[in-house]
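In our numbering, the protein residues as written are 120 to 503. Yeah, the Cβ is synthetic: ideal placement off N, Cα and C, and Gly gets one too. This one's a predicted model, so the numbers in the text were calculated from it and none came from an experiment. Worksheet: the structure to be examined is printed underneath.
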Ligand SMILES: Nc1ncnc2c1ncn2[C@@H]1O[C@H](COP(=O)(O)OP(=O)(O)OP(=O)(O)O)[C@@H](O)[C@H]1O
Ligand SMILES: [Mg+2]
C-alpha cells in the first residue's frame, strides 16, 4: 500500500504541474482568440459606422481636382485624395459623401451589374419546335450558326460573315423562337435585351448598359445578343430636341459603335427584332451591321399544320382532324395557334374530360378569333 502511495505522490505533482501548464496554455489560447475576436469586431464596428461612399463618374481632371458626376446627374468640382491612383475622364470612382473627396478608383464594370438587367440563358429550343419557317431557319443557320460552328470556312475563303441579322414581321410569328433555337443549336449564351426597356427603365444609363452588354457578351462567348423591339432605340427620329430623345439617340449611337467595334468572327452575333421595319433608321441595317434581313411572315396552311402538330402533339386527344383546323385558322400567327391549343385544353378540363376532341379546338379557334377581334393582344403577350 505504502509503496503504492509513495509512487503516487511524485506522479500527482507531475500531474498537477502538467495540468496547470496545459490549463495555462489553453487559457492563453482562449485569451488570444478573444483578443482577435475583439479586434475584428472593433474593425467591423468601425466599418459599419463609416458613412457609405458614393459612386461617381469622372468627367474631367484638373491636377488634384476633378469634375465628377454624381448618380443624380449633377456635376461637382472635388478634391482627389493623394492616395488615389491616377485618374482619367470616364473612370468610376468612390467619393466620400460629406465633402466629396475622391478616394479610390474602382473597376467600372463593378458599378453596373448588367447581369441584373438583362435575361441571360442557355435556351433549349430545338429546330423541331419551330413550325414552318424553313427558309428562315436555313438563312439563320447560314448567317449565325455556320460562322460560330465553322469559322475556318470563312477564314479560308476570305470573307466576313455578317455580324448580325434583323428578323422582322408581325407579332407572334416565331422570331424570338428562331433566335432561341439558333442559340441552342450553337450552345451560345443568349442575352435578351428589350429596346423599349433599355430607354425607359435605364434613363441616363442606356448607352452604358449597351456597352456593358457587349462586354459581357464577349466574356461569355459564343453569345447571341437578342435585341427585341429594336425600333424603340433605332427608329428614325425627326426631332431630337427633348432630353429623352437625346438619350435614345445616345443609346443608339453606342449600339452602332459596339456593333462596329467587334470583329465578325468574334463569336458574338446580334439578332435584332422588330414588327416595324419601315421606321428603322437605315444606319442599323447598313453593310457590316445587321445587314441580313430575314422576313418572318404569318404561317401559310402548310406551316400552320406543322405548328398545330407541334403544340397539339403533346396533348392527349382523340380523332383530331388537323387539316380542318388548318383551314379554319387562316391569318393566325404561331402564337395564336399555340393559344388555340391551350384553350382547347381548357375546354376539355372544364368539361372534366381526360382528353381533347375536335370540338374543343373549334371552340378554341372561335374564342381566340374573338379575342383578336376585340384587339386583345393577350394571347401574343402570354408567351412572350
Ligand atoms: N413558327 C412557330 N412554330 C411553333 N411555335 C410558334 C411559332 N411561332 C410562334 N410560336 C409560338 O408562339 C410563341 C410566341 O412566339 P415568338 O415569341 O417567337 O413570337 P415573336 O415573333 O417573337 O413575336 P413578337 O414580335 O410579338 O415578339 C412561341 O413561344 C411559340 O410557342
Ligand atoms: Mg418576340
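Can you check which of these residues, the options, is closest to residue i by C-alpha distance?
i, options, result
"residue 208", "223, 201, 187 and 215", "187"
"residue 259", "280, 239 and 273", "280"
"residue 212", "239, 175 and 179", "175"
"residue 318", "331, 298, 271 and 368", "368"
"residue 305", "195, 467 and 270", "270"
"residue 354", "371, 410 and 345", "371"
"residue 290", "311, 241, 347 and 236", "347"
"residue 204", "329, 218 and 224", "224"
"residue 333", "350, 349 and 312", "312"
"residue 215", "226, 195 and 234", "195"
"residue 325", "409, 365 and 263", "365"
"residue 253", "462, 349, 266 and 419", "419"
"residue 263", "475, 410 and 483", "410"
"residue 179", "165, 197 and 166", "197"
"residue 482", "471, 462 and 493", "462"
"residue 416", "250, 268 and 446", "250"
"residue 386", "484, 265 and 407", "265"
"residue 268", "202, 433, 201 and 340", "340"
Roughly how far, in whole angstroms, is the beta-carbon of residue i from the beta-carbon of residue j, given that I think they are within contact range, below 8 Å?
i, j, result
"residue 343", "residue 388", "5 Å"
"residue 413", "residue 301", "Actually they are not in contact, since the Cβ atoms of residue 413 and residue 301 sit about 11 Å apart, beyond 8 Å."
"residue 303", "residue 245", "7 Å"
"residue 439", "residue 401", "Residue 439 to residue 401, Cβ: 47 Å. No contact."
"residue 210", "residue 233", "About 18 Å separates the two Cβ atoms, so there is no contact after all."
"residue 434", "residue 475", "6 Å"
"residue 408", "residue 282", "7 Å"
How long is the line joining the alpha carbons of residue i and residue j, rounded to whole angstroms?
i, j, result
"residue 479", "residue 248", "23 Å"
"residue 491", "residue 428", "22 Å"
"residue 374", "residue 392", "14 Å"
"residue 363", "residue 473", "54 Å"
"residue 294", "residue 287", "8 Å"
"residue 382", "residue 390", "16 Å"
"residue 352", "residue 315", "7 Å"
"residue 183", "residue 220", "10 Å"
"residue 330", "residue 255", "29 Å"
"residue 144", "residue 154", "15 Å"
"residue 121", "residue 142", "Reliability of the predicted coordinates at residue 121 is poor, the pLDDT of 46 falling under 50, and the value obtained from them is presented with this limitation in mind. Rounded to the nearest angstrom, the two C-alpha atoms are 31 Å apart."
"residue 423", "residue 274", "39 Å"
"residue 445", "residue 471", "26 Å"
"residue 508", "residue 237", "Since the first residue shown for the chain is 120 and the last is 503, residue 508 is missing from the structure and cannot be characterised."
"residue 222", "residue 168", "17 Å"
"residue 449", "residue 239", "35 Å"
"residue 443", "residue 484", "12 Å"
"residue 298", "residue 441", "27 Å"
"residue 189", "residue 307", "37 Å"
"residue 394", "residue 376", "24 Å"
"residue 132", "residue 139", "10 Å"
"residue 447", "residue 488", "10 Å"
"residue 465", "residue 257", "35 Å"
Taking all protein chains shown into account, decide if residue i is buried (16 or more other Cβ within 10 angstroms of its Cβ) or exposed.
i, result
"residue 425", "buried"
"residue 502", "Bear in mind that the predicted position of residue 502 carries a pLDDT of just 49, short of 50, making it too unreliable to give a figure here."
"residue 199", "buried"
"residue 151", "exposed"
"residue 452", "buried"
"residue 469", "exposed"
"residue 163", "exposed"
"residue 335", "buried"
"residue 421", "exposed"
"residue 148", "exposed"
"residue 135", "exposed"
"residue 170", "exposed"
"residue 272", "exposed"
"residue 518", "Past the boundaries of the shown model lies residue 518; the chain is included only from 120 to 503, so the question cannot be answered."
"residue 242", "buried"
"residue 277", "exposed"
"residue 192", "exposed"
"residue 350", "buried"
"residue 455", "buried"
"residue 159", "exposed"
"residue 218", "exposed"
"residue 124", "Low local confidence applies: a pLDDT of 48 at residue 124 is under 50, so the model's placement there is unreliable, with the coordinate-based value given in what follows. Answer is exposed; the Cβ neighbour count stays below 16."
"residue 432", "exposed"
"residue 467", "buried"
Check whether chain B comes within 8 Å of residue i, counting only Cβ atoms and requiring the distance to be less than that.
i, result
"residue 382", "Of the chains in the structure shown, none is chain B; there is only one protein chain."
Point to revise | Residues passing the C-beta test against ligand 2 heavy atoms, cut-off 6 Å | key: Answer in sequence order: 294, 295, 347 and 392.
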